[in-house]
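Notes follow once the structure below has been shown.
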Amino acid sequence: MSFSPGPVAPPGGTDIQEQRDRWERKRSRTAKELVQTEQRYCQQLELVTTFFVEILKAKGTLRQDIRESIFSSIKAIHSVNQSLLVHLENSYFGRGFEQFCPHLSHYDTYADNIYKARKALTLETFNTKSKQIYNPDFPLSLLHLLNLIRDSSHIVHITLPYTPPVCVPQMASKVKIDQYKHFLQDLTANTSPDNPEFQQLSSAVTAICDVSQRIQDNTRRHENHLQLCRVQKLLKGRKTKVLAA
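Here it is, written out as structure tokens:
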């Protein structure tokens, strides 16, 4: 009985295939996690826009400029992230981020407005409390709603490594951007350069890193400003004590 051996695998061929399989498994895990976190994020954005932005607009109890100061570009972020989610759920990661990245300016706007939003919310809450104190007939619903917005950091905390996209959202946008950076770097690292998505993902990493740096710079400037204010307050207090002596 004759024996005819099958085709001999080229040296190292098995190792190369095993490495490709490992890359594919890692890519699949990262892709699955990305889709799941994006689904939760969009659900939370839906809650914010529906129960805060739209309700305040419908009630007409806050002027448009105040609403815009508090919520900034949150509705635009919600819209572009919904579009991104559709692509991700259909496994079009490269195409999804290629279309998403040109709209990252909404995240820039939101990050730039964070501290202005906090200030506007605090001022409006204070004014509303004052109106209620001097006018017992003043509706408590607005005050309750403002307090919900102020305390709503838990809404996005569940999904993001950051706070909410409402009034204390600097964390929220920062963490979401950091998540994208992490996921995209993993996807790119486990995607073959021959894959058409490789260049799309690589470009997305660069764009996301630019936004992440912008948010970090904003945070650093704000922290420096707060530190300067603390020093000035301390020096002012010492000067008062010297004059009193």
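If you count by the working numbering, then the sequence shown holds residues 1450 to 1694, one letter each, in order. Virtual Cβ for every residue (Gly too), placed ideally from N, Cα, C.
Residue range of the alpha helix (DSSP H) that includes residue i
i	result
Ser1518	Gln1513 to Phe1520
Leu1537	Ile1523 to Glu1538
Gly1545	Phe1542 to Phe1549
Leu1505	Ile1504 to Lys1508
Candidates the options: closest to residue i by CA position
i	options	result
Leu1632	His1552, Glu1487 and Ala1566	This sequence places Phe at residue 1632; Leu is not what is there. When each option's Cα is compared against that of Phe1632, the closest is Glu1487.
Ser1540	Gln1662, Lys1682, Ile1563 and Glu1482	Glu1482
Val1624	Asp1470, Val1484 and Tyr1490	Tyr1490
Gln1493	Arg1669, Gln1531 and Gln1676	Gln1531
His1552	Leu1533, Lys1568, Ala1566 and Asp1635	Leu1533
Ala1480	Cys1658, Glu1672, Thr1637 and Ala1566	Thr1637
Leu1650	Thr1463, Tyr1629 and Val1535	Tyr1629
Glu1495	Ile1523, Asn1673, Phe1647 and Phe1549	Ile1523
Gln1548	Leu1675, His1536 and Asn1673	His1536
Val1660	Asp1635, Ala1566 and Tyr1556	Tyr1556
Gly1545	Gln1648, Asn1667, Cys1658 and Asp1643	Gln1648
Ser1518	Arg1567, Arg1476 and Ile1664	Arg1567
Ile1664	Asp1643, Ser1554, Pro1645 and Asn1639	Ser1554
C-alpha distance - residue i paired with residue j, whole-angstrom precision
i	j	result
Glu1473	Gln1466	10 angstroms
Thr1558	Ser1521	7 angstroms
Leu1683	Ser1641	58 angstroms
Asp1561	Gln1662	12 angstroms
Ile1504	Ile1526	18 angstroms
Val1502	Arg1516	8 angstroms
Ser1652	Val1680	43 angstroms
Lys1508	Phe1500	12 angstroms
Arg1669	Leu1675	10 angstroms
Asp1529	Thr1463	First, the amino acid is wrong: residue 1529 is Val here, not Asp. Roughly 43 angstroms separates the two Cα atoms.
Gln1513	Glu1672	29 angstroms
Ile1563	Glu1538	30 angstroms
Val1615	Lys1565	The predicted model places Val1615 with a pLDDT of 41, which falls under 50 and marks its position as unreliable; any figure quoted below should be read in that light. Roughly 12 angstroms separates the two Cα atoms.
Gln1485	Lys1685	52 angstroms
Ser1477	Asp1635	10 angstroms
Leu1511	Pro1645	48 angstroms
Leu1677	Thr1655	33 angstroms
Asn1667	Ile1657	16 angstroms
Asp1470	Phe1542	19 angstroms
Asp1627	Cys1550	14 angstroms
- Item | Sequence ranges, alpha helix (DSSP H) only - wholly within the region 1634 to 1694, length at least 4 | 1646 to 1693
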